[in-house]
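The structure under discussion appears below in the form of structure tokens.
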Amino acid sequence: MPELPEVETIVRELAPQLVGRTIRQVTLPRPDVLRGVTPARLRRTLTRGRIRAVTRRAKHAVFELASGARMVIQPRMTGSLMVHRRALSPADARYAVLTCRLDNGRLLVFRDVRRLGTISLLDRRGWTAYSARLGPEPLDAAFTVAVFADRLHGTRTAIKKAIMDQRRLVGVGNIYANEALFDAGIDPSRPAGRLSPDELTRLYDAIRDVLARAIASSGTTVRDYRTGTGAAGRFQFELRVYDRGGEPCRQCGRRLATTHAIDGRQTTLCWWCQR
DNA sequence: ACGAGGTCCTGCGAGC
DNA sequence: TGCTCGCAGGACCTCG
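Written as structure tokens, this is what we have:
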């Protein structure tokens, strides 16, 4: 599932192939993924649009056009973004949600099997408002441990749920929440506002470290995720807890436990190392 | 203000 | 073997 490192990887690979290109033709076989924009308006805005930048905000890929319009794509669970050199295979075409034919003949394709992903279209003002509703970027220099502590202050929500709340900080989903809490040695069910300054610092460091290491490995492929060139990520080989329920803890050797007690999401932890 | 739970969506694996 | 059922889960919604 694309979280911050996966979307960052996708965007870094797509940008050199897309920036400066003009969109010639748009096909939208699955318009139910659109949010706040009609198929006609998206087509009209994209067609003949020149791509000025491809960036990431939170877990979203942002395609900025010369007109100032931004198409924001959230891959969510099973979404992928790729540039194809030739016509799509039947398997790709089956799940294609949006296809943009470029002036060099290549195809930018948003593919999403489950279609929990979304596409929206924002003008400058809409983008400012959209971005303002999201929390700070955890890898930005402005995101200090003091900012992190402030974002968690006073809430009794489980710390795992809190760090996945995109209004508090962005980019952390289920995989990296599990990993960061293990790395920091913190029980995921602890009330967020009750963490000691030392625990907050450890978790802050763990979040930034795991995200940076995952970017260096081009993300985590457990099932569906592919990079912008179609390759699998490599961080699944570095995972310490996620998807490892029942297996031995890499730190103490005890059996890792999986629960669904926090927000109904799969949580894997070591009861010994995360007390 | 916050927490709990429902909704979207479809492939896959468990179980009978 | 072939079927049904429930799970995977990020963001957004409503209800209490």
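Using the numbering used here, read the first sequence as starting at 12 and increasing by one per residue.
Virtual Cβ for every residue (Gly too), placed ideally from N, Cα, C.
For residue i, does the count of other Cβ atoms within 10 angstroms reach 16, so buried, or fall short, so exposed?
i              : result
cysteine 263   : exposed
serine 131     : buried
serine 229     : buried
asparagine 189 : buried
aspartate 43   : exposed
glutamate 19   : buried
proline 101    : exposed
arginine 55    : exposed
alanine 173    : buried
arginine 286   : exposed
alanine 140    : exposed
Which residues bound the alpha helix (DSSP H) around residue i?
i              : result
glutamine 28   : 15 to 29
arginine 54    : 50 to 57
leucine 222    : 208 to 227
isoleucine 186 : 185 to 195
leucine 163    : 156 to 163
Can you name the start and end residues of the beta strand (DSSP E) that residue i belongs to?
i                 : result
phenylalanine 291 : Given a span of 12 to 286 for the chain in the structure shown, any question on residue 291 remains unanswerable.
arginine 81       : 81 to 85
threonine 110     : 107 to 113
serine 131        : 129 to 133
glutamate 258     : Element bounds for glutamate 258: n/a, residue is neither H nor E.
methionine 175    : Where methionine 175 is concerned, there is no enclosing beta strand (DSSP E), although the alpha helix (DSSP H) it sits in stretches over 170 to 175.
glutamate 75      : 71 to 76
leucine 280       : 278 to 280
aspartate 123     : 118 to 123
methionine 93     : 90 to 95
valine 65         : 62 to 68
alanine 268       : 268 to 270
Identify, in the order they occur along the chain, each residue of the same chain with its Cβ nearer than 6 Å to the Cβ of residue i, setting aside the five sequence neighbours on each side.
i             : result
glutamate 17  : Gly230 and Tyr236
histidine 71  : Val83 and Gln85
threonine 270 : Thr278
arginine 135  : Gly79
Please tell me whether residue i and residue j are closer than 8 Å, where the distance is taken between their beta carbons.
i            : j                 : result
glycine 7    : glutamate 14      : The shown model of the chain, from 12 to 286, leaves out residue 7, and the question about it has no answer.
serine 207   : isoleucine 273    : no
leucine 109  : phenylalanine 121 : yes
arginine 112 : glutamine 36      : yes
valine 221   : aspartate 254     : no
alanine 169  : alanine 203       : yes
arginine 68  : serine 142        : yes
leucine 145  : arginine 219      : no
leucine 53   : leucine 39        : yes
alanine 80   : arginine 61       : no
leucine 92   : leucine 118       : no
Heavy atom of the ligand GTP less than 7 Å from the Cβ of residue i, yes or no?
i           : result
glycine 165 : Judged by which ligands are present, the structure shown has none, so any question about the ligand GTP falls away.
Residues in the same chain with beta-carbon distance under 8 Å from residue i, minus the five sequence neighbours each way, listed in chain order, please.
i             : result
glycine 128   : Val44, Ile84, Gln85, Pro86, Arg87, Met88, Thr89, Gly90, Val108 and Phe121
arginine 23   : Gly239
arginine 224  : Phe246 and Glu249
tyrosine 106  : Arg122, Asp123 and Val124
aspartate 103 : His95, Val120 and Arg122
cysteine 281  : Phe193, Val252, Cys260, Gln262, Cys263, Arg265, Leu267 and Ala268
Sorted by chain position, which residues of the same chain lie with C-beta nearer than 7 Å to residue i's C-beta, five sequence neighbours on each side aside?
i            : result
alanine 243  : Thr232 and Arg237
arginine 266 : Gly257 and Pro259
glycine 47   : Ser131
Counting Cβ pairs, one atom from each stretch, are 3 or more of them under 8 Å apart for the stretch 212 to 222 and the stretch 183 to 200?
Between the stretch 212 to 222 and the stretch 183 to 200 there are three or more inter-stretch CB-CB distances shorter than 8 Å, so the stretches are counted as touching.
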